[in-house]
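The structure appears below as structure tokens.
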Amino acid sequence: MIIDAKRVGIGEQGEPATLNNLASDLNKELFAKHIFNALLSDAISVNRSLPDVRPRECKTKLYLKKLPMVSIIVIFFNEHKSVLLRSVHSLINRSPPELVKEIILVDDFSDLDSLHKSLDDYIAQHFTKVRILRLNERSGLIRARMAGARIAKAEVLVFMDSHIEAGYNWLPPLLEPIVLNSRTVMGPTIDFINGTQFFYGKYDYGMRGIFDFSLRYLKTSRLPEDQKHPSEPFKNLIMMGGSVVISAKFFWELGGYDEGLDIYGGEQFDLSFKIWMCGGQLYEAPCSRVAHLSRSSHLHLYNTKNVTVTKYIYRNYKRVAEVWMDDYKKYVSMRMGSSYRRANPGDLTLARALRSKCKPFKWFLQNVAYDVMKRFPPIKPPNYAYGAIRNVAEPDMCVDAHPITNGNHVDLEQCAEAVPQSNSSQFWELTAYRDLRLASKDFCLEVRAPQYITSLWIWRCHYQGRNQYWLYDFQAKLLKQVFKNTTRCLEMLPHTKQLIINQCNSSNRYMQWTFSFNNPNALGNNQNNYSIQSA
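Read in order, the letters of the sequence shown are residues 0 to 534 in numbering that gives the first Met the number 0.
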């Protein structure tokens, strides 16, 4: 840490970085291939310094003197070389050396030249504990992890993505709970590396992973009993999946990952359900920080001739539901639609044999995930209002999110001649979760700044209320955004046709809105709020 603190240069200390040649053909080519700024990654040291973002209490916390050694298993497929090497350097540099037995890099049949001889040479020159296992066909994340686990030699297995940067002393907080209970599975708090400027972004103390019956991975607040000691490990329903620490003995007792899952997706639900229902427990450690490189999509993972994206995502989710969710699987089928119902989950014989030794899904919902049914009812509750959102002062102007992409600015456009279709950029739902979402997508209307007179965006729905929390005053026709005890209202600026939020004024007709369809009974009951309160 002392040496790191003295480092200066591009991207050091996790600071934002830029290059002057962002418009170059090479930069565009690399960005399209990797979905992040690969040229900038090459300009940043693979051994760069990071800020220490751990909670204050973690920096003086002591751990057991005797902790087990680990095998760190990192899967990569066509990962950009500098990102992969930065992952390895961070794992080596910020781990107590006596705890790392080996790092196994599993190459899932990459075809980039930079990931063959030059990578072999670099590893041989710089590391003694790192080896590469090369698979002779594209196997996917799940089967590649199992291949690495089979040759691992340590008492504890650590599964890591290939585009991470580990924080200071990340490993002991994950190992101590496993020493105390070998059926405990741990994960770090996941921070992020911005994919454009490579700055380090932190999440304060972490939140629980949770799910709905569309098998979406969501985040929610910790249980009340886990909020009293914010730096201590807390119960986690569903792991994020990119960083998992587990006793090798317990891992194999559970049967490992389900190798019937294809390529990517669903494994975090499969292993999380398996841990909780088969006698284990899953925790997250806020004193352990691992940052994950943010991409706008996972298309880089889908280079396979055997399975299309749609087929294997639906296939994986159906496999998880069929094996673990008992009678509750019908709700997943209702939510996921015809593509899911047509999917073939493959041979379930072995998975169901393992499952037969474990507790039922109802037990899991009642004893572990007891807030899921309240927060995310299996049958979707009715919307408060839906359709086009028209301005009262100028009723030919509607709230429009075209084009529908994550992070897109939302403004006003001429209303469609008829009620827009549900896949339209003008078709909104004010849901029982108190968010305003596009009906055809999991995108919500979001405020990005705390002040008045600020613009709006669509962003992935996060189900946390806060900057996506909306109320509709049916009588005054005001759309209110409530965040941190401040209420602001949606407004149209008449001269520029710009959409903003501003201080509420019920007499301002440019601040009044109508929906195509209202549910007056639901709108009149403001207490009927599923899942999330604005904070």
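The beta-carbon is built from N, C-alpha and C at its ideal position, and this holds for glycine as well.
- Message: Going by beta-carbon coordinates alone, are Ala151 and Leu132 separated by less than 8 Å?
- Response: no
- Task: Write down the C-beta distance between Ile34 and Gly10 rounded to the nearest angstrom, noting that I regard them as a contact closer than 8 Å.
- Result: That belief does not hold up - the Cβ atoms of Ile34 and Gly10 are roughly 19 Å apart, past 8 Å.
- Query: Where Ser454 and His408 are concerned, what is the direct C-alpha to C-alpha distance, given to the nearest angstrom?
  - Reply: 8 Å
- Message: If we require 3 or more residues per run, which beta strand (DSSP E) segments fall completely within the stretch 352-392?
- Response: 384-390
- Query: With Ser109 and Phe75 assumed to form a contact (beta carbons below 8 Å), what rounded beta-carbon distance in angstroms separates them?
  - Reply: 7 Å
- Task: Express the C-alpha separation of Tyr451 and Pro171 in angstroms, rounding to a whole number.
- Result: 45 Å
- Item | Cβ pair Arg288, Pro187 closer than 8 Å | yes
- Task: Indicate whether Gln497 and Asp410 have their beta-carbon atoms separated by less than 8 Å.
- Result: yes
- With a threshold of 16 other CB atoms inside 10 Å of the CB of Thr17, please say whether the residue is buried or exposed. exposed
- Item | Run of the alpha helix (DSSP H) containing Lys5, from where it starts to where it stops | Run containing Lys5: none; DSSP gives neither H nor E here.
- Within the stretch 47-125, ranges of the beta strand (DSSP E) (whole runs, at least 3 residues): 69-75 and 99-106
- Item | Backbone secondary structure at Leu298 - three-state DSSP | In this prediction, Leu298 has a pLDDT of 49, which is less than 50 and means its spatial position is unreliable; what the coordinates show is noted afterwards. Looking at Leu298 - three-state DSSP - the assignment turns out to be helix.
- Any idea if Asn36 is buried or exposed, counting beta-carbon neighbours within 10 angstroms, 16 or more meaning buried? buried
- Item | Segments of 4+ residues assigned as alpha helix (DSSP H) that fall wholly inside the stretch 409-491 | none
- Note down, in chain order, each residue of its chain lying with its Cβ closer than 6 Å to the Cβ of Lys273, except the 5 sequence neighbours on either side. Leu253
- Task: May I ask you to report which of helix, strand or coil DSSP gives His401?
- Result: coil
- Task: Please look up how many angstroms separate the CB atoms of Ser70 and Val157, rounded, as I've assumed it's under 8 Å.
- Result: 7 Å
- Message: Using a Cβ-Cβ cutoff of less than 7 Å, which residues in the same chain neighbour Tyr339 once the five nearest sequence positions on both sides are dropped?
- Response: Tyr313, Tyr316, Lys317 and Ser332
- Task: Give the range of the alpha helix (DSSP H) segment to which Pro176 is assigned.
- Result: Pro171 to Leu179
- Message: By the three-class DSSP mapping on this structure, what secondary structure does Phe32 have?
- Response: The sequence as given places Lys at residue 32; Phe does not occur at that position. Helix, per DSSP.
- Query: Expressed to the nearest angstrom, what Euclidean distance is found between the alpha-carbon atoms of Asn518 and Gln267?
  - Reply: 37 Å
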